[in-house]
Amino acid sequence: IVINLTTTTHRPPLPPGPPHIPILTSISWIAKSFSQIEPILVGLRAKYGPIITLRITVRPAIFVADRSLAHQALVQKGAVFSDRPPALAVSRIFTCNQHNINSAPYGSTWRTLRRNLTSEMLHPNRVKSFSSVRRWVLQVLVNRLKSDSESGNSVRVIDHFHYAMFCLLVFMCFGEKLDEKQVKDVERVERALLLSTNRFNVLNFWPPITRILFWKRWQELFRLMKDQSDVLIPLIRARKSIKESRSGGGGDIVSYVDTLLDLELPEEKRKLNDEELVTVCAEFLSAGTDTTATALQWIMANVVKYPHVQQRLVEEIREVKGDGDGESREEVKEEELQRMPYLKAVVLEGLRRHPPGHFVLPHTIGWDPEVWEDPMEFKPERFLEKEKEDGVPFDITGSKEIKMMPFGAGRRICPGFNLAMLHLEYFVANLV
Ligand code: HEM
Numbered sequence: 002i003v004i005n006l007t008t009t010t011h012r013p014p015l016p017p018g019p020p021h022i023p024i025l026t027s028i029s030w031i032a033k034s035f036s037q038i039e040p041i042l043v044g045l046r047a048k049y050g051p052i053i054t055l056r057i058t059v060r061p062a063i064f065v066a067d068r069s070l071a072h073q074a075l076v077q078k079g080a081v082f083s084d085r086p087p088a089l090a091v092s093r094i095f096t097c098n099q100h101n102i103n104s105a106p107y108g109s110t111w112r113t114l115r116r117n118l119t120s121e122m123l124h125p126n127r128v129k130s131f132s133s134v135r136r137w138v139l140q141v142l143v144n145r146l147k148s149d150s151e152s153g154n155s156v157r158v159i160d161h162f163h164y165a166m167f168c169l170l171v172f173m174c175f176g177e178k179l180d181e182k183q184v185k186d187v188e189r190v191e192r193a194l195l196l197s198t199n200r201f202n203v204l205n206f207w208p209p210i211t212r213i214l215f216w217k218r219w220q221e222l223f224r225l226m227k228d229q230s231d232v233l234i235p236l237i238r239a240r241k242s243i244k245e246s247r248s249g250g251g252g253d254i255v256s257y258v259d260t261l262l263d264l265e266l267p268e269e270k271r272k273l274n275d276e277e278l279v280t281v282c283a284e285f286l287s288a289g290t291d292t293t294a295t296a297l298q299w300i301m302a303n304v305v306k307y308p309h310v311q312q313r314l315v316e317e318i319r320e321v322k323g324d325g326d327g328e329s330r331e332e333v334k335e336e337e338l339q340r341m342p343y344l345k346a347v348v349l350e351g352l353r354r355h356p357p358g359h360f361v362l363p364h365t366i367g368w369d370p371e372v373w374e375d376p377m378e379f380k381p382e383r384f385l386e387k388e389k390e391d392g393v394p395f396d397i398t399g400s401k402e403i404k405m406m407p408f409g410a411g412r413r414i415c416p417g418f419n420l421a422m423l424h425l426e427y428f429v430a431n432l433v
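Going by the working numbering, the residue at position 416 of the sequence shown is 417; the numbering climbs one at a time, nothing skipped.
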C-alpha cells in the first residue's frame, strides 16, 4: 500500500528510505513506469525493512510492503488511514476539486457519493436489473471476436475487451444502448486521460513555473478535459430531459446518472453541477472498464497457457449445464455461476497473480511466499484447497487478515468488487 503524506510544518520523523536530492529524485522517479518501480521496491524492502519512504512525487510517499502491517493500517486503524491527501494541481483538475469517490477526503462528500454508488447501483437487485445488458454485451463481444478472427490475422483481444466493458458501463451510466460511435467516443476520451496521467505528473511540480516551461502539456490537459465534457455532457443532459419528461422516473432502468441528478452534497447543500457530474460519471466509467478488461485479459491468457485449467473449466461448465439443448446450452447464465467454484478460483488466481491496480502495489502481498506456496505459479486449485481447510469461502476483502488485496482493503476498499467478480466470472465462463 502507499500512504501519501501531506505537507505539514511539524512532521514526525519519516520511516527510512534511500537518500534523495529535492526535485531531482522525484523527477528521476517520474520517468519510471509502475512496473519498473516494483523490482526497485523489493531491493529497498530488503535494505530498509517493510515501511519505506520514497520521494516519488512532490510529497513523500510511504510504502507498506507487509500484509499484517497493511491490515493494521487499512483495517484495524482504518479511521486513521482512510483520508486522501489534498489533490495536487493536475488531479485537482481531473477530479473537479476532489468531487469524486476515490479522491474525496474521508468526510461527508465521500460518504454521500460512495453510499449513493453502493446502495443505488451496486445493490444486488440493481445489479440484476442489468443482466440482459450483460447478455447483449457478451453477444457483441463474441461477434466482434468472430468477425475479427475471420480476417486470418492475429486478434488483439484486449481492444475487444475494452470496447465490451465500455458498452456495459456506458449503459449502466446513461441507461441506454448507445451506438458504436458514441461508445467509441466515450472510450476514446476516457482512455486518453487514463493513459496520459503519467505524462501530466511533472506539471505538479511548481505549477507557476511548469505553466511556462510545459505550457503545451498544460494545453493538452485542458484539451483532454474539454473533450471529455463535450462527449459526456450531452449524454448527461439527454438523460436529464428523459427523466424530467417522465416526471421523476427514467423508465424501468435506473442509471447511475439518474441517481446523481437528485443527489445533494451535504456540506455544500447543493446538487452536483455539470462538471462534477462529468467527473463522477468518468470515475464510474474508468474504474470499471480498464481494470476489468485487464483482469479478463490476464485470466484468459492463463486459461490458454494452461490447458489443464481450461479443461477443468470446461468440465465444470458441462456439469452445470447438463445435457440441456439449444439456446440454453449456449450461454452460462448468471444464476449458474454460483455453482462453479473452480471458475471462481480461476478468477481469484488471476487477480492474485496479476492485480490490475498497480500503484496500490497489492502484489507484494499477493505474492508473499509465507502465505502462498509457489507464489508466482498460476494455480487456481490453491483457493479450493484453502476453502476446504478453512471451511469458509475465501475473503477477498481481507477483513480478518490480508493475503492479497487486488481491490484494496478497509474503508476505501473498491466498492465495485462484487460487480467486478460477476463480470469476470460471467465473461470468462462464456468465452471458455
Ligand atoms: C477488476 C476490477 C476492479 C479492480 C481490480 C478494482 C480495484 C480497485 C482498487 C485497488 C481501488 C483502491 C482501493 C483503495 O484505495 O484502497 C479501487 C477503488 C475504487 N473502485 Fe475499483 N476496481 C475494479 C472494479 C470497479 C468497478 C466495477 C467499480 C464501479 C462500477 C469500481 C469503483 C471504484 C471506486 C468508486 C473506488 C474508490 C473507492 C473509495 O475511494 O472509497 N471499481 N478499485
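Virtual Cβ for every residue (Gly too), placed ideally from N, Cα, C.
A quick note: this is a predicted structure, and the numbers were derived from the prediction, not measured.
Is residue i near the ligand HEM, with its Cβ less than 8 angstroms from a heavy atom?
i	result
residue 421	yes
residue 292	yes
residue 124	no
residue 299	no
residue 97	no
residue 430	no
residue 111	yes
residue 358	yes
residue 115	yes
residue 86	no
residue 74	no
residue 296	yes
residue 411	yes
residue 254	no
residue 417	yes
residue 90	no
residue 289	yes
residue 233	no
Alpha carbon to alpha carbon, how far is residue i from residue j?
i	j	result
residue 202	residue 418	28 angstroms
residue 235	residue 198	25 angstroms
residue 101	residue 75	20 angstroms
residue 365	residue 387	With a pLDDT of 43 at residue 365, under the threshold of 50, the predicted position of this residue should be treated as unreliable, though the coordinate-derived value follows. Roughly 20 angstroms separates the two Cα atoms.
residue 380	residue 339	20 angstroms
residue 332	residue 314	14 angstroms
residue 233	residue 420	23 angstroms
residue 47	residue 72	20 angstroms
residue 29	residue 200	13 angstroms
residue 60	residue 162	36 angstroms
residue 105	residue 323	48 angstroms
residue 308	residue 302	11 angstroms
residue 226	residue 183	17 angstroms
residue 113	residue 92	21 angstroms
residue 363	residue 405	At residue 363, the pLDDT of 36 sits below 50, so the modelled position is not reliable; the number obtained from the coordinates is stated separately. Cα-Cα distance, rounded: 6 angstroms.
residue 129	residue 123	9 angstroms
residue 414	residue 335	24 angstroms
residue 133	residue 370	42 angstroms
residue 410	residue 70	12 angstroms
residue 423	residue 310	20 angstroms
State the DSSP-derived secondary structure class of residue i, mapped to helix, strand or coil.
i	result
residue 334	coil
residue 433	coil
residue 410	coil
residue 130	helix
residue 230	helix
residue 117	helix
residue 107	coil
residue 416	coil
residue 156	coil
residue 124	coil
residue 102	coil
residue 89	coil
Give the C-beta separation of residue i and residue j to the nearest angstrom, bearing in mind that I take them to be a contact with Cβ-Cβ under 8 angstroms.
i	j	result
residue 318	residue 158	With 8 angstroms as the limit, residue 318 and residue 158 do not qualify as a contact, their Cβ atoms being about 20 angstroms apart.
residue 385	residue 346	5 angstroms
residue 150	residue 156	5 angstroms
residue 1	residue 348	As displayed, the chain neither begins before 2 nor continues past 433, which places residue 1 out of reach and without an answer.
residue 115	residue 416	6 angstroms
residue 229	residue 190	5 angstroms
residue 286	residue 187	7 angstroms
residue 117	residue 260	6 angstroms
residue 54	residue 17	7 angstroms
residue 356	residue 394	At roughly 19 angstroms, the Cβ-Cβ gap does not stay under 8 angstroms, so residue 356 and residue 394 are not in contact.
residue 170	residue 351	The pair is not a contact, with the Cβ atoms about 20 angstroms apart (cut-off 8 angstroms).
residue 243	residue 278	Their Cβ separation, rounded to whole angstroms, is 15 angstroms, which puts residue 243 and residue 278 out of contact at 8 angstroms.
Would the beta-carbon of residue i be found less than 8 angstroms away from any heavy atom of the ligand GTP?
i	result
residue 108	You won't find the ligand GTP in this model; what it holds is the ligand HEM.
Would you list, in sequence order, the uninterrupted alpha helix (DSSP H) runs of no fewer than 4 residues that lie entirely inside the stretch 5-86?
25-31, 35-49, 68-72 and 79-82, all fully within the stretch 5-86.
Scan the stretch 339-401 and note each continuous alpha helix (DSSP H) run of 4 residues or more that stays entirely inside, going in chain order.
Runs of the alpha helix (DSSP H) inside the stretch 339-401: 342-354, 364-367 and 382-391.
At 4 residues or longer, what runs of the alpha helix (DSSP H) sit wholly inside the stretch 253-326?
Runs found: 257-262, 275-306 and 308-322.
Going residue by residue through the stretch 174-253, where are the continuous beta strand (DSSP E) segments of at least 3 residues, counting only ones entirely within it?
Fully enclosed beta strand (DSSP E) runs of 3 or longer: not present.
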